[in-house]
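*Asks:*
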Amino acid sequence: MTAEHRSPAEPDAAPSVAHHDAHHVATHPDDAPVSDQAATPDRAARPDGDQPDPNRWKALVICLLGGGIVLLDVSIVNVALQSISTGLPGASAEAVQWILSGYALSFGLLLVPGGRLGDATGRRRMFVIGVGLFTLASALCGFAPNGIVLVVARLVQGLAGGLLTPQVTALIQQLFRGKERGTAFGLFGATVGIATAIGPLIGGLLITAFGTENGWRFVFFVNLPVGLVTILLAFRYLPGSTGEERGKKHDFDPVGIVLLGAAVVALLLPFVQSEQWKGTAKWWLVVVAVVLGVLFALWERRYQRTKEPVVDLRLFRRRSFSLGVGLATVYFAGFTPLFFVLTLALQSGLHYSALLAGLTSVPFAIGSGIASTVGGRIVHRFGRQLIVIGTILVLLGLGAVIWVVANHYEPDLGWWLVLPLLVAGIGSGLTISPNQTLTLSEVPVEQGGSAGGLIQVGARVGSAIGIAAVGSVFYSSLASSDGDYTKGLPLGLGVSLGFVAAALVAGIVDVVVGKVRGTEATV
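Residues in the sequence shown are numbered from 8 upward in steps of one, following my numbering.
In structure tokens, the structure reads:
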């Protein structure tokens, strides 16, 4: 990558964050910094010559545990909705919808402010607070006596997830450099794909084991031991703030936080409530979101002249970052609705049990997990071209799913979907984690939390838009065809296909522009 594309700042030249005093005594024998290319897996070089934290791989496991339970709860609840409706007093259709949409709204609300808090006050502190709050909220969900309490608990759970998630990407950015960073983000991408895809399977297993009436409670109780173990290990292995960092004063930009939070909620609400909120009035909130977004940008531009803004808008001048956030948004708009409509079609149309519907997602999870790990290791060689290959595979897999559903909607559909979902999973693994790595490749370490939060906001907004768009086409087709899933499901997934195609175009544009300018995105 040329110096032109790396300007105005080289993130890896930013001061590395100290971890434990004992870890800073060893430097290169001749006091010269070691290049990333010369680094070994056990000694990833820092630009300032510092030895990397020897606990970084253990710290990564802790991060993936915490981030994994948050991501799992995005999809695991889908197969539990029927159990909640039958087993929980006051679980009306509106309450059930808010169990899903409330989590999405509150999750998106805190992603960027949560990342900023971690950057300013300490990522380990915010990580532990996030996991602790998420664990408590999960317990409240499991013990909820009625639908209202469950909705409130899910809102708190989403806020905790929004606080926790950006700390994961920021800690990876802080602890790893060069090829190791790609590998770490590859493992995080594997966690994203596996947790999202395998959530319905775990939910199905728990409901089968504990019964339809109360099985849904254990969908939330499963978070408790994982959360407690994660908190204990976080204090041992995650790096704390140094004395210099603790003594530094930070600006928290409350006006910017409020404007951004209001814009995110205004944008998400009409999409997550698209089926329940009838009429067109809700779409005026999109206009409100745009206005709030413009006000936020103007405020941040003024605020950053003298203080630290919640979002440094100069990040978007870097093509790797701005294009990566956009690509994540449209890709998640196509990727997330797949399991939403497929689970509905299997359970409602073919009368699959929650367990069997969950099993259908296993090939995708396997392909995604393996490909994410491999993609993280080789992204430094192929750059954005790897994402182009990944999105092409996702398009092929989704196209095959559509063909199979349209031509073989039979009780053995799950078996026919094994190969298409495996191909789509491999493509997803080659898309999510490499994109995360490349998007953050030019972000200074000290801004890792807020930048990671912006990527997640893009993914959440994309997911909400995708589910609303795909769900609208899916339900409209079912209504007009007297419940014919062979028409509704292909049409709905065709919308997903369009979003993934947009991600492919974005990737191709970046590759072409990079080759023309000699500024290919790399690690």
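All C-beta atoms in this analysis are idealised placements derived from N, C-alpha and C, irrespective of residue type, glycine included.
Unbroken alpha helix (DSSP H) runs of length 4 or more, entirely within the region 325-370: which are they?
*Replies:* The qualifying runs are 326-342, 344-351, 361-366.
*Asks:* Please classify Lys285: is it buried, with 16 or more other beta-carbons within 10 angstroms of its beta-carbon, or exposed?
*Replies:* Flag for Lys285 reads exposed.
*Asks:* Looking at the structure shown, is Thr219 part of a helix, part of a strand, or coil, going by DSSP?
*Replies:* DSSP places Thr219 in coil when its eight states are reduced to three.
*Asks:* State the start and end residues of the unbroken alpha helix (DSSP H) segment that holds Trp423.
*Replies:* First-last of the alpha helix (DSSP H) with Trp423: 420-423.
*Asks:* In or out: Glu315 buried (at least 16 other Cβ within 10 Å) or exposed?
*Replies:* Result: buried.
*Asks:* Quick check on this structure: which residue in Gly495, Leu147, Phe389 has the alpha carbon closest to the alpha carbon of Gly476?
*Replies:* The sequence shown places Ala at residue 476, not Gly. Taking only the C-alpha atoms, the option nearest Ala476 is Gly495.
*Asks:* Does Thr128 come out as helix, strand or coil in the three-state DSSP assignment?
*Replies:* Three-state result, Thr128: helix.
*Asks:* What residue does the alpha helix (DSSP H) around Pro316 start on, and which one ends it?
*Replies:* Careful: Pro316 lies outside any alpha helix (DSSP H) and carries neither H nor E.
*Asks:* Give the secondary structure of Pro61 by DSSP, where H, G and I count as helix, E and B as strand, and everything else as coil.
*Replies:* The answer is coil: DSSP assigns Pro61 none of H, G, I, E or B.
*Asks:* Which runs of the alpha helix (DSSP H) at least 4 residues long sit entirely within the region 394-454? Give them in chain order.
*Replies:* Segments of the alpha helix (DSSP H) lying fully in the region 394-454: 420-423, 425-446.
*Asks:* Do the region 368-381 and the region 426-441 make contact, defined as three or more Cβ pairs closer than 8 Å?
*Replies:* Touching, per the Cβ criterion.
*Asks:* Quick check: what's the CA-CA separation for Gly263 versus Ser281?
*Replies:* Each residue's Cα considered, the two are about 28 Å apart.
*Asks:* Please work out which residues of its chain come closer than 8 Å, Cβ to Cβ, to Gln104, disregarding the five sequence neighbours upstream and downstream, and give them in chain order.
*Replies:* Excluding positions up to five away in sequence, the list reads Gln280, Glu282, Gln283.
*Asks:* Exposed or buried, what is Gly436 when buried is set at 16 or more other beta-carbons lying within 10 Å of its beta-carbon?
*Replies:* Gly436 is buried by the Cβ-count criterion.
*Asks:* Flag this pair as yes or no: are the beta carbons of Leu299 and Ala335 separated by less than 8 Å?
*Replies:* No.
*Asks:* Going along the chain, which residues of its own chain have a beta-carbon closer than 7 Å to the beta-carbon of Thr237, five neighbours each way excluded?
*Replies:* Answer for Thr237: Ile69, Leu72, Gly73, Val138, listed in chain order.
*Asks:* With burial defined as no fewer than 16 other Cβ atoms inside 10 Å of the residue's Cβ, what is the status of Ser483: buried or exposed?
*Replies:* When all chains shown are included, Ser483 counts as exposed.
*Asks:* Apart from the five residues on each side of it in sequence, which residues of its chain come closer than 7 Å, Cβ to Cβ, to Leu107?
*Replies:* Same-chain partners within the cutoff: Val84.
*Asks:* Use the C-beta contact count for Pro418: other C-beta atoms within 10 angstroms, 16 or more gives buried, fewer gives exposed.
*Replies:* Under this definition Pro418 is an exposed residue.
*Asks:* Do you know whose CA, among Gly75, Ala202, Gly121, Gly455, lies nearest Arg365's CA?
*Replies:* Just to set this straight, residue 365 is Gly in the shown sequence, not Arg. Comparing Cα positions, the closest option is Ala202.
*Asks:* With a threshold of 8 Å on Cβ separation, who are the neighbours of Leu95 within its own chain once the five nearest residues in sequence on each side are excluded?
*Replies:* For Leu95, where only same-chain residues beyond five positions count, the Cβ hits under 8 Å are Ala151, Asn153, Gly154, Leu157, Trp223.
*Asks:* From Leu363 to Ala486, what distance separates their C-alpha atoms?
*Replies:* Near 26 Å, if we compare the C-alpha coordinates of Ala486 and Leu363.
*Asks:* On the CB-based measure, 16 or more other CB atoms within 10 Å of its CB, does Pro48 come out buried or exposed?
*Replies:* With a pLDDT of 39 at Pro48, under the threshold of 50, the predicted position of this residue should be treated as unreliable, though the coordinate-derived value follows. It is exposed - the Cβ of Pro48 has fewer than 16 other Cβ atoms within 10 Å.
*Asks:* Does the structure place the region 111-126 close enough to the region 183-200 that three or more beta carbon pairs sit under 8 Å?
*Replies:* Segments in contact, no.
*Asks:* Could you check whether Leu445 and Arg391 sit closer than 8 Å to each other, using their CB atoms as the reference points?
*Replies:* Yes, they are a contact pair.
*Asks:* According to DSSP, is Leu320 part of a helix, a strand, or is it coil?
*Replies:* Residue state, collapsed to three classes: helix.
*Asks:* Answer yes if the region 165-180 comes into contact with the region 455-463, meaning at least three C-beta pairs across the two stretches below 8 Å, and no otherwise.
*Replies:* Contact between the region 455-463 and the region 165-180 is present, because at least three Cβ pairs lie under 8 Å.
*Asks:* Report yes if the CB atom of Ile1 is closer than 8 Å to the CB atom of Ser470, and no otherwise.
*Replies:* Coverage of the chain is limited to positions 8 through 530, which leaves residue 1 absent and any answer about it impossible.
*Asks:* Give me the Cα-Cα distance between Gly499 and Thr128, rounded to the nearest whole angstrom.
*Replies:* Their backbone Cα atoms lie some 44 Å apart in a straight line.
*Asks:* Measure the alpha-carbon distance for Leu245 versus Phe114 and round it to whole angstroms.
*Replies:* Going by the C-alpha atoms only, they are around 23 Å apart.
*Asks:* Of all the CB atoms in chain B, is at least one closer than 8 Å to the CB of Leu118?
*Replies:* In the structure shown, chain B cannot be found, because there is only a single protein chain.
*Asks:* Tell me, to the nearest whole angstrom, how far the beta carbon of Thr398 is from that of Ala510; I am working on the premise that it is less than 8 Å.
*Replies:* Between Ala510 and Thr398 the Cβ distance is about 5 Å, and since that is below 8 Å, they are a contact.
*Asks:* Assuming Val272 and Leu112 make a contact with CB atoms under 8 Å, what is their CB distance in whole Å?
*Replies:* The Cβ separation is near 6 Å, so the contact holds.
*Asks:* Alpha carbon to alpha carbon, how far is Val163 from Trp290?
*Replies:* Each residue's alpha carbon lies about 26 Å from the other.
*Asks:* Give the C-beta separation of Leu166 and Met133 to the nearest angstrom, bearing in mind that I take them to be a contact with Cβ-Cβ under 8 Å.
*Replies:* Incorrect: roughly 12 Å between the Cβ atoms, too far for contact.
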